[in-house]
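>
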Amino acid sequence: MSFDFDRLVVDDVSRNFGRRRALTRVSLTCHGGEIVGLLGPNGAGKSTLLAILSTLLAPSSGVVRYGAADARTAGHALRARLGLLGHDLYLYPELTARENLEFFARLYGLAGPRERVTQALTRAGLAERADDMVSGFSRGMRQRLALERALLHAPRLLLLDEPFTGLDDASGQALVARLRGLRHEGAIVVVATHDLDLAEGLLDKVAVLRDGRLLQVSDSAASLRDRYRETIQAAARTADHGRGGASAGRPS
Amino acid sequence: MRQFLRVAWVVMRKDLTVEMRSREIVYTTVFFAASCVLVFAFALVREGRPLEDAAAGILWISIAFAGTLGLGRTFERERHTETLRALMLAPSDRPAIYVGKLLGILALLAVVEAVLIPMIGVLFHAPFMGSPFWLFALLFTGTVGFASVGTLFAAMLVRARSRDVLLPVLLYPITIPVIIAGVRGTAAILQATPDEPMARFWVALLLFFDVVFVTLSLWTFEPLMTE
Amino acid sequence: MSRVFAPLAFVAVALFAIAPIIVSHAPYEQTMGLVQKVFYYHVPSAMLMFISAFVCGIASAVFLFKRSAGADRVAVAAGELVVLFGMIVLVTGPLWARKAWGVWWEWDARLTSSLLLWMIFLAYLLVRRYGGPGSEKLAGAMALFGMANVPFVYVSVNYWRTIHPKTSVVMTLGPGMRSAFWFCAVSFGVLYVLLLTLRRRLEDQQAQVERLYLALED
Numbered sequence: 001m002s003f004d005f006d007r008l009v010v011d012d013v014s015r016n017f018g019r020r021r022a023l024t025r026v027s028l029t030c031h032g033g034e035i036v037g038l039l040g041p042n043g044a045g046k047s048t049l050l051a052i053l054s055t056l057l058a059p060s061s062g063v064v065r066y067g068a069a070d071a072r073t074a075g076h077a078l079r080a081r082l083g084l085l086g087h088d089l090y091l092y093p094e095l096t097a098r099e100n101l102e103f104f105a106r107l108y109g110l111a112g113p114r115e116r117v118t119q120a121l122t123r124a125g126l127a128e129r130a131d132d133m134v135s136g137f138s139r140g141m142r143q144r145l146a147l148e149r150a151l152l153h154a155p156r157l158l159l160l161d162e163p164f165t166g167l168d169d170a171s172g173q174a175l176v177a178r179l180r181g182l183r184h185e186g187a188i189v190v191v192a193t194h195d196l197d198l199a200e201g202l203l204d205k206v207a208v209l210r211d212g213r214l215l216q217v218s219d220s221a222a223s224l225r226d227r228y229r230e231t232i233q234a235a236a237r238t239a240d241h242g243r244g245g246a247s248a249g250r251p252s
Numbered sequence: 001m002r003q004f005l006r007v008a009w010v011v012m013r014k015d016l017t018v019e020m021r022s023r024e025i026v027y028t029t030v031f032f033a034a035s036c037v038l039v040f041a042f043a044l045v046r047e048g049r050p051l052e053d054a055a056a057g058i059l060w061i062s063i064a065f066a067g068t069l070g071l072g073r074t075f076e077r078e079r080h081t082e083t084l085r086a087l088m089l090a091p092s093d094r095p096a097i098y099v100g101k102l103l104g105i106l107a108l109l110a111v112v113e114a115v116l117i118p119m120i121g122v123l124f125h126a127p128f129m130g131s132p133f134w135l136f137a138l139l140f141t142g143t144v145g146f147a148s149v150g151t152l153f154a155a156m157l158v159r160a161r162s163r164d165v166l167l168p169v170l171l172y173p174i175t176i177p178v179i180i181a182g183v184r185g186t187a188a189i190l191q192a193t194p195d196e197p198m199a200r201f202w203v204a205l206l207l208f209f210d211v212v213f214v215t216l217s218l219w220t221f222e223p224l225m226t227e
Numbered sequence: 001m002s003r004v005f006a007p008l009a010f011v012a013v014a015l016f017a018i019a020p021i022i023v024s025h026a027p028y029e030q031t032m033g034l035v036q037k038v039f040y041y042h043v044p045s046a047m048l049m050f051i052s053a054f055v056c057g058i059a060s061a062v063f064l065f066k067r068s069a070g071a072d073r074v075a076v077a078a079g080e081l082v083v084l085f086g087m088i089v090l091v092t093g094p095l096w097a098r099k100a101w102g103v104w105w106e107w108d109a110r111l112t113s114s115l116l117l118w119m120i121f122l123a124y125l126l127v128r129r130y131g132g133p134g135s136e137k138l139a140g141a142m143a144l145f146g147m148a149n150v151p152f153v154y155v156s157v158n159y160w161r162t163i164h165p166k167t168s169v170v171m172t173l174g175p176g177m178r179s180a181f182w183f184c185a186v187s188f189g190v191l192y193v194l195l196l197t198l199r200r201r202l203e204d205q206q207a208q209v210e211r212l213y214l215a216l217e218d
């Protein structure tokens, strides 16, 4: 029961929580071997979109297609091809680094769990601390371990929610190198981030979200930071325009 | 099927390993259960001595209270690290995760009961060892009934507000038949001549309850846990 | 909806206007006398309470498994009616018991089961109110489990009672009483349908307001 895909299509996806619209008609396409950046201010809906892409959340309308299938038709074989590195790192502090990875390896039914875990620990640079409890790790160490956990099953689609937070310069660069490696292997990487400097030069595609809406980003030669600022300011201007006209008739 | 059992086993082993590191939940829950017994012993008195007939009732009340506490604490741990989401991301039948969690809770309650039985037996002069088979049958079927509903409710409350008070609010009314069956069955076997047909009736009822509610829990786990 | 509401309300009011007259004309029961007449309101309320519990349970199951928001709206209406009719049962029951047996409560199997069912659906409403976002699903599970529990509750309470004195609640219905009973049952049934429809309409309208709010954002 294996399943694979090389294209991710977000088709007119909206999501609301009661009265609050978190995402409004977002459409996006990503291909294998691409790193897509999800940028936007806090509360723009980046985490919500990532949750929907990881199948943890269902869209209120619209559909997400993985290749030709969607979450329901693909069943749980789909989750074997997805990896999520969330804001909460999903590590058990009472277990050692090795135990954490072995648990997830066994949970995912991976062959040869012990060897895989040893390799992953080496890649994370945690080989000497393998048998220490995660509760004693620094943020950067936990991040590296969590990344290895998300990659243990070699997912086709890797989703990262603010992965650069709390990383020092060296770790940040190491993560960038890792993501480039994954792109080379044909994975689809979607990264939600605030760190525009690190993302510069890394992203193949840029998606900017504001208030749940996807904005058009210019393809100019300007730096990522400039392009992002420009996009956000343009959106704020159109929003003010609309608000000025409609405020007369809006109930208070 | 083999994948289902493997996932359940892996989840249970992880829970037990985590618990064994600190043993926090085991120690505090057992102690809490023991305190319950004492509180009831002092509260239910006749002529200055604890009510001996109350042994069956006190046993099951303490199991229910300790079980609720243990369930709350176990899932609070998962909530704290958001690891329940990581479990939901695994490529397996989601009900397997429910079963793994349920087995962990059963292990916890088994330890609690292993402490409560001798304690109540001694304090209330209750002849539990008169019919060990029926006692075991009652405890097993009753605990499974209570824990099956409890694990489901505790899991679904992880993302809810007021979760500490809502767990008992939801759990106790649904598990009243379990309590009734457990208490009456235990009282039946604690009599001078154990009433085995009565015990058998209550065990049968509990078995039926277990089948129905474990099945319902397995069916509803996935729709409840996905948003 | 509103076309059905007006005539239904009229019928319900008419039935309840006539009901007390019918009840007072019904023959007196030998042992209990006047007090027995509470039965004409007590039993139909109990029947509707149980029916509503099943409606709520089934609607919740449809909501959980078919993700139908409409089913959830029916469920909340039915859930509230379980609590409402349950209150009628639990007030009229002790009133009857006090006069018939001298005590307010006698752990009668049916009354106790009703109390438990009432509490389960009270918990249903509490979860919906205080559970925060996503509590409709939690409540739905509670309703489903509550409904599945009805036979277990009845059997266990019934057999638990064997140590208590058996008090008979069942009386033989004389011929004059039967028509009065069914008249009241029908009246309550019409009232139930009316209240369920009204409450569900309120939920539907509330959902529409939410949709409009969302559309405004677009």
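One line per chain: the protein sequences are A, B and C, in this order. Residue numbering for the first sequence follows this note's numbering, starting at 1 and increasing by one per position. Residue numbering for the second sequence follows this note's numbering, starting at 1 and increasing by one per position. Residue numbering for the third sequence follows this note's numbering, starting at 1 and increasing by one per position. Virtual Cβ for every residue (Gly too), placed ideally from N, Cα, C.
1) Please list the terminal residues of the continuous beta strand (DSSP E) segment that includes A:G37.
2) Taking the alpha helix (DSSP H) that A:H184 belongs to, which residues open and close that run?
3) What first and last residue would you give for the alpha helix (DSSP H) that runs through B:L106?
4) According to the Cβ coordinates, are C:A12 and C:V190 closer than 7 Å?
5) Does DSSP put A:S138 in a helix, in a strand, or in coil?
6) Between the Cα of B:I61 and those of B:L139, B:T17, B:T74, B:T28, spot the shortest distance and give me the residue it belongs to.
7) By DSSP, does A:A192 sit in helix, in strand, or in coil?
8) Distance cutoff 7 Å, beta carbons only. Does C:S179 sit that close to anything in chain B?
9) I'd like to know if the region 104–118 of chain A and the region 76–91 of chain B are in contact, where contact means that at least 3 CB-CB pairs between them fall below 8 Å.
10) Please confirm whether B:P95 and B:L218 have their CB atoms less than 7 Å apart.
11) Anything in the region 13–32 of chain A with a Cβ closer than 7 Å to a Cβ of chain C? List those residues in chain order, please.
12) Between A:P93 and A:R123, what straight-line distance do the alpha-carbon atoms span, to the nearest angstrom?
13) Are any of the Cβ atoms in chain B nearer than 7 Å to that of A:L107?
14) Within 10 angstroms of its Cβ, does A:F17 collect 16 or more other Cβ (buried), or is it exposed?
15) By the three-class DSSP mapping on this structure, what secondary structure does A:S54 have?
16) Which residues does DSSP list as the beta-bridge partners of A:A207?
17) Let me know the beta strand (DSSP E) ranges lying completely inside the region 41–106 of chain A, each 3 residues or longer, listed in chain order.
18) So what does DSSP say about B:F136, is it helix, strand or coil?
19) Identify the continuous beta strand (DSSP E) that holds A:F260 and give its terminal residues.
20) Give a yes or no on whether the C-beta atoms belonging to B:I117 and B:F124 are separated by under 7 Å.
21) Taking its Cβ as the centre, do 16 or more other Cβ atoms sit within 10 Å of C:M80, making it buried, or is it exposed?
22) Can you tell me whether A:S61 is buried or exposed, with buried defined as 16 or more other CB within 10 angstroms of its CB?
23) Can you check which of these residues, C:G70, C:M147, C:Q208, is closest to C:M119 by C-alpha distance?
24) Let me confirm a value: C:L34 is counted as buried when at least 16 other C-beta atoms fall within 10 Å, else exposed. Which label applies?
25) Using DSSP's beta-bridge definition, name the partner residues of C:H25.
26) Going by the DSSP bridge assignment, what does A:D161 pair with across the sheet?
27) Start and end of the alpha helix (DSSP H) containing A:S27?
28) Which first and last residues belong to the beta strand (DSSP E) in which C:L34 is found?
29) Go ahead and label A:N100 buried or exposed: buried means 16 or more other beta carbons lie within 10 angstroms of its beta carbon, across all protein chains shown.
30) Report the option in A:E200, A:D132, A:S54, A:T238 whose CA atom is closest to the CA atom of A:R227.
31) I'd like to confirm the pairing. Which residues does DSSP put opposite A:L214 in its beta bridges?
32) With three or more beta-carbon pairs closer than 8 Å as the criterion, would you say the region 64–73 of chain B touches the region 30–37 of chain B?
33) Can a CB atom of chain A be found closer than 7 Å to the CB of B:R21?
34) If we cut at 7 Å on Cβ distances, does C:E106 have a partner in chain A?
35) Who are the near neighbours of A:V26 in its chain, counting only those whose CB is closer than 7 Å to its CB and skipping five residues on each side?
36) For the 8 Å Cβ check, are there 3 or more pairs between the region 201–211 of chain A and the region 160–175 of chain A?
Taking the definition as stated:
1) Unbroken beta strand (DSSP E) run through A:G37: 34–39.
2) 169–184
3) 94–123
4) yes
5) coil
6) Ranking B:L139, B:T17, B:T74, B:T28 by Cα distance to B:I61 puts B:L139 first.
7) The DSSP-derived three-state label of A:A192 is strand.
8) no
9) yes
10) yes
11) N16, F17, G18, R19, R21, T24
12) Taking the straight line from one Cα to the other gives about 20 Å.
13) yes
14) exposed
15) coil
16) A:L38
17) 61–66, 82–85
18) Helix.
19) Since the displayed chain A opens at 1 and closes at 252, residue 260 of chain A lies outside it and no answer follows.
20) no
21) A quick correction: the sequence has Glu, not Met, at residue 80 of chain C. It is buried - the Cβ of C:E80 has at least 16 other Cβ atoms within 10 Å.
22) A:S61 comes out exposed.
23) C:M147
24) exposed
25) DSSP lists no partner for C:H25.
26) A:A192
27) Not the alpha helix (DSSP H): A:S27 falls in the beta strand (DSSP E), residues 20–31.
28) For C:L34, no beta strand (DSSP E) encloses it, and the DSSP letter there is neither H nor E.
29) Label assigned to A:N100: buried.
30) A:E200
31) A:L209
32) yes
33) yes
34) No, no contact with chain A.
35) Closer than 7 Å at Cβ, skipping near neighbours: V10, V13, L49, L214.
36) no
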